[in-house]
Structures are given as structure tokens and as C-alpha cells.
Amino acid sequence: MVGTILTVLVALEALYIMGLEMFGKPAKQAETFELDENITKMPEVRSLLGNQGIYNGMFGVLILLTLVVIHGSAQDIMLKLEMAYIVIVAVYGSLTAARKIILVQGLPALLALIALALHI
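Everything in the sequence shown is counted per the UniProt record's numbering, starting at 1 for the first residue and increasing by one.
Now the structure itself:
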């Protein structure tokens, strides 16, 4: 139960991040992603943020679909893989983009992964 709740929160966070990346105002994007606002106004950067946003959004959808469509041990395996994926990506992001990614995205996914592994 705890694992499921944490997994849903991770999925919702991914959808929220998608919204910021794809549709957020440059000032909010700059604040959230620790960038200079002038950079977030550049068409090339807006395009890159949109591209990253669709990845985050589709991953959030995948997690939610896994919870609804897949059942039993297949669901358990898929959710663990999805949470592990997010932890790995968060580690990379914290090393290359912003350190807070490991806390904001990685920690919730890690807690969900632990809860899923312990079946709590």
C-alpha cells in the first residue's frame, strides 16, 4: 500500500515536471531548474525543455498505466524497474544539471522502490 501511494506520487511529480518543462513560463522554469531566465527564453532551450517534458510526462503516464493495466508479479517487476530508472536518471541529473534533482526526483523514487521491494 505504501509502495503504491509513493509510486502514484512519483508519477504525479513526473506529470507536474512535464507541465513546467513544456508549458511553464520562463521565469518559473528559471527558478525551478536553476537557470538564468534569459536562457529559458531562448527558442532552442524552450524546444529542449519541451522535449524533456514529453519524456517526463510519458514516463508518468507509463507508471500510472502500469498500476491500472498490469497486475500481479508483472506489475511488481515493472514498477520496480520504473522506480529504479528514475533513481538512475536522477543520479545522472544531479551530477550534470542540478544537485537537487537527486532529492526532488530520486529520493521519492528510491523510497517507492524500497517500499515495493519490502511489499509495504
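Cβ atoms here follow ideal geometry from the backbone N, Cα and C, with glycine treated the same way.
All values reported here derive from a predicted model rather than from experimental measurement.
For residue i, the first and last residue of its enclosing alpha helix (DSSP H)
i: Met36; result: The question names Met, yet the displayed sequence has Asp at residue 36. Asp36 -> no alpha helix (DSSP H), and no H or E assigned at all.
i: Ala74; result: 72–96
i: Gln105; result: Here Gln105 belongs to no alpha helix (DSSP H), and DSSP marks it neither H nor E.
i: Ile63; result: 43–69
i: Gly3; result: 2–23
Contacts around residue i, its chain only, beta-carbon distance under 6 Å, and the 5 residues preceding and following it disregarded
i: Leu64; result: Ala11
i: Leu49; result: Glu21
i: Lys41; result: Pro26
Buried or exposed by the 16-neighbour rule on C-beta atoms within 10 Å, applied to residue i
i: Phe23; result: exposed
i: Thr96; result: exposed
i: Pro108; result: buried
i: Val69; result: exposed
i: Ile88; result: exposed
i: Met18; result: buried
i: Gly72; result: exposed
i: Glu44; result: exposed
7 Å Cβ shell around residue i - same chain, five flanking residues per side excluded
i: Ala84; result: Leu113
i: Met78; result: Thr66, Ile70
Close beta carbons around residue i, own chain, < 8 Å, minus the five adjacent residues each side
i: Asp76; result: Leu116
i: Gln52; result: Glu21
i: Val2; result: Ala115, Ile120
i: Leu100; result: Leu is not the amino acid found at residue 100; the sequence shown has Lys there. Correct list, in chain order: Glu34, Ser94.
heavy atom of the ligand PLP below 6 Å from residue i C-beta
i: Leu113; result: Because no ligand of any kind appears in the structure shown, any question about the ligand PLP cannot be addressed here.
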